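Novice: One structure, pasted below without further comment.
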Amino acid sequence: SDAFSAISSPRLALATSSDSPTSCCFSYTKKKIPRNLVTDFYETNSRCSQPAVVFITRRKLLLCSNPAEKWVQDYVNYLKVNRTVSTTQAY
């Protein structure tokens, strides 16, 4: 089953390459997502036609965001710091 099929906007598609499937964004979210709804993020593969940061919400929605926008960079930095703290506490 396609884990990304529930997402309609902004679109996240599964682009299949010869070695492995890669998720790519073809549009960005127009609205700033409330930070308290975001639990994690990842960056799309360099093979994708446009760079994107994909935020994962508490409801497990994947939202494509423009890495050039300041709020996206702020969220990424915030999540990196908090990810490190929670990972450290887990061990």
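Last residue of the sequence shown? That's 108 in our numbering, and every number before it is there in order. In this text, a Cβ means the ideal position worked out from N, Cα and C, and glycines have one as well. Note that the coordinates shown come from a computational prediction; the quantities given were computed from them, not determined experimentally.
(1) Can you tell me whether DSSP reads Tyr59 as helix, strand or coil?
(2) Out of Ile73, Glu86 and Ser82, which has the shortest C-alpha to C-alpha gap to Asn53?
(3) Which stretch, first to last residue, makes up the beta strand (DSSP E) that contains Phe43?
(4) Can you tell me whether Ser63 is buried or exposed? The criterion is at least 16 other CB atoms within 10 Å of its CB, across all chains shown.
(5) Within the present structure, is the beta-carbon of Arg76 separated from the nearest heavy atom of the ligand ATP by less than 6 Å?
(6) So with Cβ pairs under 7 Å, would you call Arg76 a contact of chain B?
(7) From which residue to which residue does the beta strand (DSSP E) around Ser82 run?
(8) If you reduce the DSSP assignment to three classes, tell me which class Ala32 lands in.
Specialist: Taking the geometry as given:
(1) strand
(2) Ile73
(3) Premise fails: Phe43 is in no beta strand (DSSP E) and is neither H nor E.
(4) exposed
(5) No copy of the ligand ATP appears in this structure; indeed no ligand is present at all.
(6) Of the protein chains in this structure there is only one, and it is not chain B.
(7) Leu79 to Ser82
(8) With a pLDDT of only 48 at Ala32, under the threshold of 50, the placement of this residue in the model should not be trusted; the figure read from the coordinates follows. In this structure, DSSP gives Ala32 an extended state, which the three-state scheme calls strand.
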